[in-house]
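Below is one structure, written out as structure tokens; comments come after it.
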Amino acid sequence: HNSGTLYLHSSGEPLLANSFECIIKMAPKKTRIIFNTNGLLLNKRIRNIILNSQKIFMISFSLDAATSETYKRIRCDKFDLVTNNIKNLVSERNKKKLVRPLISINMCIMQENILEVPKFIDLAKDLSAVYVQLFCLNKGHSWKVEKNGFKFDYNEQQKINPELHDMLIEEAYERAKNYGIKLAFAGN
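At position 98 of the sequence shown (counting the first as 1) the number is 182 in the numbering used here, and the numbers step up by one without a gap.
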């Protein structure tokens, strides 16, 4: 029974999988399970599965915004639901005197949210996240999407002033350091 790490993500929402609970139960006891989620489906039943298994090492929440306004433009109108789901998970974890799952949040940096990068670290603190990941959009895509009056143009969203970018990333690092949050940045 080797212990290892099991990643329950790739391209899709793991909480949508009918086999989510079964996979967790079948994993050997010492397995560290890590997964990414958008957090929308993190209801009481799912939280109980996660906390009762005591196998979930870390959950990374893909938020991409520090405010409900930006979250609505980039994702949907459920920012309060998602952040409350995370807070409820942390509260229930703490009541059970558990230290895991650890909470991580991540943001794909783009023109639409770049100004919120330092605030994203504040949000991490508010959500009891111990880890923040910042990414940049990958080059080479050219798709466009329009929803709720917001036009997302992948190529245009990559156009970020380098000086502004660097200043905001440095401010985020400083805030993360002050809060004791680990910050990882992968990008240009």
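Every residue gets a Cβ at the ideal spot worked out from N, C-alpha and C, and that includes glycine. Bear in mind that the values here come from a model prediction, so they are computed numbers and not experimental data.
Does DSSP put T154 in a helix, a strand or coil? As a working mapping, residue 154 is identified with position 70 in the sequence shown. Assigned with DSSP and collapsed to three states, T154 falls in helix.
Exposure label - H85; buried when at least 16 CB within 10 Å: The sequence position of residue 85 within the sequence shown is 1, counting from 1. With a pLDDT of 49 at H85, under the threshold of 50, the modelled position of this residue cannot be trusted; read the value that follows with caution. By the C-beta density criterion, H85 is exposed, having fewer than 16 other C-beta atoms within 10 angstroms.
Using beta-carbon positions only, say whether T115 and L90 come within less than 9 Å of one another. Here residue 115 refers to the residue found at position 31 when the sequence shown is read from its first residue. Here residue 90 refers to the residue found at position 6 when the sequence shown is read from its first residue. Taking 9 Å as the Cβ cut-off, T115 and L90 qualify as a contacting pair.
Buried or exposed: L100, going by 16 or more other Cβ atoms within 10 Å of its Cβ? As a position in the sequence shown, residue 100 is number 16, starting the count at 1. Here L100 is exposed. Its C-beta has fewer than 16 other C-beta atoms within 10 Å.
Starting from S175 and walking both ways along the alpha helix (DSSP H), at which residues does that stretch end? Residue mapping note: residue 175 aligns to position 91 of the sequence shown, counting from 1. That run of the alpha helix (DSSP H) goes F163 to K179.
With distances taken Cα to Cα, identify the nearest neighbour of E196 among K156, R129 and L135. As a working mapping, residue 196 is identified with position 112 in the sequence shown. Here the closest residue by C-alpha is K156.
To the nearest angstrom, report how far apart N232 and K203 are at their CA atoms. Your numbering for residue 232 matches position 148 in the sequence shown. Your numbering for residue 203 matches position 119 in the sequence shown. Inter-residue distance for N232 and K203 is about 24 Å (C-alpha atoms, whole angstroms).
Where W237 falls: helix, strand or coil (DSSP): Within the sequence shown, the letter at position 153 stands for residue 237. The question names Trp, but residue 237 is Asp in the sequence shown. For D237, the secondary structure class from DSSP, reduced to helix, strand or coil, is strand.
DSSP three-state assignment for L186, whether helix, strand or coil: Reading the sequence shown from its first residue, position 102 is the one you call residue 186. Residue state, collapsed to three classes: strand.
Quick one: what does DSSP say C160 is sitting in, helix, strand or coil? Your numbering for residue 160 matches position 76 in the sequence shown. If DSSP states are grouped into helix, strand and coil, C160 belongs with coil.
Which residues in the same chain as I133 place their Cβ atom closer than 8 Å to its Cβ, once the five residues preceding and following it in sequence are excluded? The count along the sequence shown starts at 1 and reaches residue 133 at position 49. Only F104, E105 and I108 meet the Cβ criterion.
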